[in-house]
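A short write-up of the structure that comes next.
Numbering (our numbering), first residue to last: 1058 to 1313.
Encoded structure:
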């Protein structure tokens, strides 16, 4: 859905400007298909927001099915994926194939093979901490494989500082308060997104968006007083655990 006016912020200036482009068009412009893109959680606590943003990008692009790769260590640390939370974002559990790799080396091997599989809509590689194996050489291989196969690759980095890579774009994502719905129900998932790097184009733009599941688009996020806001994603757990997870539908398909 096209939005008439998008409020966005130029990083480092602290000033808000206005643009006539749609929020989803701004993001789509930076997310070319058949490329490697990096999504960094702004803080360790923003890991769920970074993952949710990656899932929303896949849905906005219609890039299904998704092959999701993570390590056993990350699975233990963060918990298993919660099918109910993913479904609330609009991602059907049967559109995900989850591979839990033994370690980082295995994760890189799986990612390299999957990036060559033209039958995939998107490859999502989740990693936490330094992940030294995801260096310039490894990301260049992923980029070359993506260009050859047509598969879009998203590398989601949590609790990690940006390092040199071959990615076409790099995004910083943080959770932000969402506007409650009627009866104070949790609002739409909301993200504070900054373009950290964009090959062949300007970076530094920042926007605050909500994910519209019905239209599969990003809409500008209304800014409300703090007293009227709810934590973004508070009703959309993406990992198992807690009361919401106990009522989850069938798990996503697992491999590995």
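Cβ coordinates follow ideal geometry from the N, Cα and C atoms, glycine included.
When the five nearest sequence neighbours on each side are left out, the beta carbons in the same chain lying within less than 8 Å of the beta carbon of residue 1165 are those of 1190, 1191 and 1195, in order along the chain. With 16 or more other CB atoms across the displayed protein chains lying within 10 angstroms of its CB, residue 1276 is buried. Around the Cβ of residue 1142, a 10 Å sphere holds 16 or more other Cβ atoms; the residue is buried. CA-CA distance, residue 1231 to residue 1099, rounds to 5 Å. The beta carbons of residue 1206 and residue 1173 sit about 5 Å from each other, so the pair counts as a contact at 8 Å. Spanning the alpha carbons of residue 1088 and residue 1226 requires a straight line of approximately 7 Å. Looking at 1256, 1244 and 1199, the one whose alpha-carbon comes closest to that of residue 1168 is 1199.
Taking a contact as a CB-CB distance under 8 Å, the pair residue 1235 and residue 1244 counts as one, their CB atoms being some 3 Å apart. If the five residues before and after residue 1090 are omitted, its C-beta is found closer than 6 Å to the C-beta atoms of 1209, all from its own chain and listed in chain order. Around the CB of residue 1101, fewer than 16 other CB atoms lie within 10 Å, so the residue is classed as exposed. In the three-state reduction of the DSSP assignment, residue 1254 falls in the strand class. Between the alpha carbons of residue 1254 and residue 1151 lies a gap of roughly 33 Å.
By the CB criterion at 8 Å, residue 1203 and residue 1295 fall outside the cutoff.
Pairing residue 1256 with residue 1233 gives a Cβ-Cβ distance that is not under 8 Å.
With a cutoff of 8 Å on beta-carbon distance, residue 1247 and residue 1267 are scored as near each other. Bounds of any beta strand (DSSP E) do not take in residue 1208, whose DSSP letter is neither H nor E.
Under the three-state reduction of DSSP output, residue 1274 falls in the strand class.
Inside the stretch 1147-1187, DSSP marks whole alpha helix (DSSP H) runs of 4 or more residues at positions 1161-1171, from first to last along the chain. In the DSSP assignment, residue 1133 falls within the alpha helix (DSSP H) that extends over 1129-1135.
Secondary structure of residue 1103 (DSSP, three-state): helix. In the assembly as shown, residue 1114 is a buried residue. Its beta-carbon has 16 or more other beta-carbons within 10 Å. Taking a C-beta distance under 8 Å as the contact criterion, residue 1223 and residue 1197 qualify as a contact pair. Around the beta carbon of residue 1160, fewer than 16 other beta carbons sit within 10 angstroms, so the residue counts as exposed.
Taking 8 Å as the cut-off, the Cβ atoms of residue 1155 and residue 1138 count as close.
The three-state secondary structure of residue 1112, taken from DSSP, is helix.
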